[in-house]
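Visitor: Numbering (our numbering), first residue to last: 471 to 650. Can you read through this structure? Questions will come right after.
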Amino acid sequence: MHRIAVYCGSRSGDFSVFTTAATELGSLLASQGIALVYGGAQIGLMGAVADAALASGGDVIGVIPEALMLDEVVHTSLTRLEVVGSMHERKARMLELADGVVAMPGGLGTLEELFEALTWAQLRFHAKPIGLLNLNGYFDDLLSFLDNSVSTGFLSPQNRALLLHATTPESLLHRLVNVA
Ligand code: AMP
């Protein structure tokens, strides 16, 4: 596994545990020689994971649409910044660059990115492992909802199993690397 895409909030959330884990994840990726692919912003958990990876000597590739460079305060110290034309290009490029995907707590943008990676995996457009970092039970209801989709007959157990999850960056990365 050479590169992992991390989807996470452009905000930091209301509990310090989120920023602490973003920092842990960034450092962990760098220490394992895995480059971080992310949205290229300086703000929120996105900034925290990138800053930590860079501070630990890791490579960080940001992919940002031109129209968001001001709103999301583009990070100016990345190993590489790719400026793309749209959100669609951003998601496609991030997934293309990565060997695996991690979603951390975030808002609508994070969920959208996660579900695109999952639906593309479901359609067998890629076979990259996808992991959810479930900090402080943030995603408990989402995981229950997916179980409900299985028991209601809208989601197959095989496709439900595409989403790995763990409660610490270390255990999640371990899972991702072992299924890859
Ligand atoms: P959020 O989780 O809402 O804080 O957003 C996290 C990141 O996802 C931000 O960089 C957003 O710009 C990005 N984002 C939001 N919507 C989309 C989308 N439709 N496609 C790609 N990225 C998005």
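For every residue, glycine included, the Cβ atom is placed at its ideal position computed from N, Cα and C.
At a cut-off of 7 Å, would you count ALA511 as near the ligand AMP, judging by its Cβ distance to the nearest heavy atom?
Guide: The answer is yes for ALA511.
Visitor: Give me, in chain order, the residues of the same chain whose beta-carbon lies closer than 7 Å to that of ASN629; leave out the 5 immediate sequence neighbours on both sides.
Guide: Hits under 7 Å: GLN592.
Visitor: Apart from the five residues on each side of it in sequence, which residues of its chain come closer than 7 Å, Cβ to Cβ, to SER480?
Guide: Contacts found: ALA511, ILE513, GLY514, MET516, GLU542 and GLY579.
Visitor: Closer than 7 Å to a non-hydrogen atom of the ligand AMP - does that hold for the CB of GLU552?
Guide: GLU552: no, Cβ never under 7 Å from the ligand AMP.
Visitor: Just the Cα atoms here: how many angstroms apart are VAL530 and MET471?
Guide: Distance between the alpha carbons of VAL530 and MET471 is about 15 Å.
Visitor: Can you tell which of ASN648, VAL649 and ALA636 has its C-alpha closest to the C-alpha of LEU495?
Guide: Closest option to LEU495, Cα to Cα, is ALA636.
Visitor: With distance defined between alpha-carbon atoms, name the residue in PHE585, SER556 and VAL553 nearest to ILE478.
Guide: The residue asked about is misnamed: residue 478 is Cys in this sequence, not Ile. With distances taken between Cα atoms, CYS478 lies closest to PHE585.
Visitor: How many Å lie between GLY503 and SER497 at the Cα?
Guide: Rounded to the nearest angstrom, the two C-alpha atoms are 10 Å apart.
Visitor: Can the beta-carbon of VAL544 be found closer than 8 Å to that of ILE534?
Guide: Result yes, Cβ atoms of VAL544 and ILE534 sit closer than 8 Å.
Visitor: How is the beta strand (DSSP E) around GLY514 delimited, first residue to last?
Guide: GLY514 -> not in any beta strand (DSSP E); alpha helix (DSSP H) instead, spanning 514-525.
Visitor: Which residues in the same chain as ARG563 place their Cβ atom closer than 7 Å to its Cβ, once the five residues preceding and following it in sequence are excluded?
Guide: Within the same chain, ARG563 has close Cβ partners VAL533, GLU552 and VAL554.
Visitor: Should PRO599 go down as buried or exposed, given a rule of 16 or more other Cβ atoms within 10 Å for buried?
Guide: Buried, by the Cβ-count rule.
Visitor: Inspect the beta-carbon positions of PRO575 and LEU548 and report whether they are closer than 8 Å.
Guide: No, Cβ-Cβ distance for PRO575 and LEU548 is not below 8 Å.
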